[in-house]
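A.B. asks: I am attaching a structure below and will ask some questions about it afterwards.
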Amino acid sequence: MKLVSKSKEREGNRLAQHASGDKRFKILEVFMKKFQFRQDALIEMLHKAQELFGFLDEDLLFFISFHLKLPPSRVYGVATFYHFFTLKPQGRHTCVVCLGTACYVKGADRVMSSLEASLGIKAGETTPDKNISLLTARCIGACGIAPAVVFDGSVVPRTTPEAALLKTKQWLEP
Ligand code: FES
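Just so it is clear: in the sequence shown, position 57 is 107 by the working numbering, and no numbers are missing.
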């Protein structure tokens with residue numbers, strides 16, 4: 051006898067991992083589940099997604115639209131309507147510094163200050179040459195390896211100000 055009901059099976063499929071294996075998608079799924087994947091909670095989902103990723107790229111918007119069973123155009127429309135949502139940053143490279151509590155107490159603020167000073171921009175901005183966008187996130191689910199910084203989508207553990215500067219310098223090289 052089959053014990054798993056159709057609805058449970060569907061839920062299982064919904065919670066299948068994002069192909070990238072990025073833990074942040076799992077955290078976002080759990081958050082959406084808490085809201086029972088309610089379509090009227092779209093704004094909360096977008097906030098949470100931005101909190102985790104620093105910005106809302108196309109892949110992320112599709113992910114949300116899939117889980118909420120909303121047309122991508124609707125999700126995109128809402129994300130672009132509100133000024134507090136950042137879609138794909140303008141920079142060729144993105145550096146997202148996690149400023150959640152665990153990262154903060156381990157020195158994420160120092161990492162951010164040195165990046166701001168060396169790039170000459172503030173968090174949320176892009177260098178004038180459009181090379182690097184500097185963004186923040188709040189707890190990306192990697193507290194055990196704090197402070198965590200995401201360079202072009204790859205989470206780097208225990209980042210020091212020196213390591214962060216070295217990484218961004220490499221991006222500046224021709
Ligand atoms: S606070 Fe940075 S990963 Fe949790």
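By construction, the Cβ of each residue, glycine as well, lies at the ideal position given by its N, Cα and C atoms.
In the DSSP assignment, what are the bridge partners of Ile182?
C.D. replies: If you number the sequence shown from 1, residue 182 lands on position 132. DSSP, once it has assigned bridges, lists His143 as partnering Ile182.
A.B. asks: Can you tell me the Cα-Cα spacing of Phe75 and His68, whole angstroms?
C.D. replies: For the purposes of this step, residue 75 is taken as the residue at position 25 of the sequence shown. For the purposes of this step, residue 68 is taken as the residue at position 18 of the sequence shown. So the alpha carbons of these two residues sit roughly 6 Å apart.
A.B. asks: Between the alpha carbons of Thr176 and Leu106, how many angstroms are there, rounded?
C.D. replies: The sequence position of residue 176 within the sequence shown is 126, counting from 1. The sequence position of residue 106 within the sequence shown is 56, counting from 1. Their Cα atoms are separated by approximately 16 Å.
A.B. asks: Based on the DSSP output, what are the partners of Leu106 in its beta bridges?
C.D. replies: Within the sequence shown, residue 106 is the residue found at index 56, counting from 1. In the DSSP output, where bridge partners are listed per residue, Leu106 has Leu137.
A.B. asks: If the criterion is Cβ atoms closer than 7 Å, does the pair Thr209 and Val161 meet it?
C.D. replies: What you label residue 209 is simply residue 159 of the sequence shown in a count that begins at 1. What you label residue 161 is simply residue 111 of the sequence shown in a count that begins at 1. A contact, by the Cβ cut-off of 7 Å.
A.B. asks: Which residues in the same chain as Lys73 place their Cβ atom closer than 6 Å to its Cβ, once the five residues preceding and following it in sequence are excluded?
C.D. replies: Start at 1 with the first residue of the sequence shown, and residue 73 comes out as number 23. The residues are Gly191.
A.B. asks: Could you tell me which residues DSSP pairs with Ala187 in its beta bridges?
C.D. replies: In the sequence shown, the residue the question calls residue 187 occupies position 137. Looking at the DSSP assignment, Ala187 forms a beta bridge with Cys148.
A.B. asks: In its own chain, which residues sit with a C-beta less than 8 Å from the C-beta of Leu165, not counting the 5 before and 5 after it?
C.D. replies: Along the sequence shown, read from residue 1 onward, the residue named residue 165 stands at position 115. For Leu165, where only same-chain residues beyond five positions count, the Cβ hits under 8 Å are Cys145, Val147, Leu184, Pro211, Ala214, Leu215, Thr218.
A.B. asks: Please classify Thr130: does DSSP put it in a helix, a strand, or coil?
C.D. replies: The residue given as residue 130 occupies position 80 in the sequence shown. Of the three classes helix, strand and coil, the one that applies to Thr130 here is helix, per DSSP.
A.B. asks: Sort Ile182, Ala196, Tyr126 by Cα distance to Arg188 and report the nearest one.
C.D. replies: Your numbering for residue 188 matches position 138 in the sequence shown. If we check each option's Cα against that of Arg188, Ala196 comes out closest.
A.B. asks: Report the option in His143, Ala158, Ala91 whose CA atom is closest to the CA atom of Glu223.
C.D. replies: In the sequence shown, the residue the question calls residue 223 occupies position 173. Nearest C-alpha to Glu223: His143.
A.B. asks: Note the first and the last residue of the continuous alpha helix (DSSP H) segment covering Ser204.
C.D. replies: In the sequence shown, residue 204 corresponds to position 154, counting from 1. Where Ser204 is concerned, there is no enclosing alpha helix (DSSP H), although the beta strand (DSSP E) it sits in stretches over 204-206.
A.B. asks: According to DSSP, is Thr176 helix, strand or coil?
C.D. replies: Residue 176 sits at position 126 when you count from the first residue of the sequence shown. Residue state, collapsed to three classes: strand.
A.B. asks: If I'm right that Phe87 touches Leu118 with Cβ under 8 Å, what's the distance once you round it to whole angstroms?
C.D. replies: One-based indexing of the sequence shown puts residue 87 at position 37. One-based indexing of the sequence shown puts residue 118 at position 68. Right, the Cβ-Cβ distance comes to about 6 Å (below 8 Å), so this counts as a contact.
A.B. asks: Give the single residue among Met82, Val200, Asp159, Leu149 whose Cα lies nearest to the Cα of Lys98.
C.D. replies: Residue numbering aside, residue 98 sits at position 48 when the sequence shown is read from its first letter. Cα-wise, what sits closest to Lys98 is Met82.
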